[in-house]
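Report on the structure given below.
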Amino acid sequence: MPITVTELAMNEVKRVMEEQKMAPEEHVLRVSCQGGGCSGFMYSLGFEKKNEGDALNDIVMEFHGVQVKLDNRFEKYMAGTTVDF
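With my numbering applied, the sequence shown closes on residue 97, and no number is skipped along the way.
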């Protein structure tokens, strides 16, 4: 897997999803990066409906009961990344 999401981070993701009334069965966490920022890349996390924004090039992973998507174009930039909270 190109990234890892810790249990502590996923507990926070689930808390936010619950607060926003988003069911893990219907929503995913989208992890992405884009050029810019002082260090060259800006990283972002966001939610989307499960089938929204689906692309053939998405890498789909699951951590602690929540689906996580990463566009494979970002895989080389995010390889070895751990999302923690």
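Ideal placement from N, C-alpha and C gives every residue a C-beta, glycine not left out.
With a CB to CB cut of under 7 Å and the five nearest residues on each side skipped, what residues in its chain are close to Pro14? Here the question's residue 14 lines up with position 2 in the sequence shown. Counting only Cβ-Cβ distances below 7 Å, and skipping sequence neighbours, we find Ile71, Leu82, Glu87, Met90 and Ala91.
Considering only C-alpha positions, which residue in the set His76, Tyr55, Gln46 and Ala35 is nearest to Lys61? Within the sequence shown, the letter at position 49 stands for residue 61. When His76, Tyr55, Gln46 and Ala35 are compared, the shortest CA-CA separation from Lys61 is found for Ala35.
From what residue to what residue does the alpha helix (DSSP H) around Lys26 run? Taking the first residue of the sequence shown as 1, we reach residue 26 at position 14. Glu19 to Glu31 is the span of the alpha helix (DSSP H), which, as asked, contains Lys26.
Compute the distance between the beta-carbons of Val43 and Val80, then report whether it is under 8 Å. Position 31 of the sequence shown, counted from the first residue, corresponds to residue 43. Position 68 of the sequence shown, counted from the first residue, corresponds to residue 80. It is a contact, given that the beta carbons lie within the stated cut-off.
If you follow the alpha helix (DSSP H) that Glu87 is part of, which residue opens it and which one closes it? Looking up residue 87 in the sequence shown gives position 75. Segment Glu87 to Met90, the alpha helix (DSSP H) holding Glu87.
Spatial neighbours of Asn84 within its chain, please: CB distance less than 6 Å, with the 5 preceding and 5 following residues excluded, ordered by chain position. Here residue 84 is taken as the residue at index 72 of the sequence shown, counted from 1. Same-chain partners within the cutoff: Asn69 and Ile71.
Within a Cβ cutoff of 7 Å, which residues of the same chain sit near His76, ignoring the five residues on either side of it in sequence? Looking up residue 76 in the sequence shown gives position 64. The residues are Glu19 and Met22.
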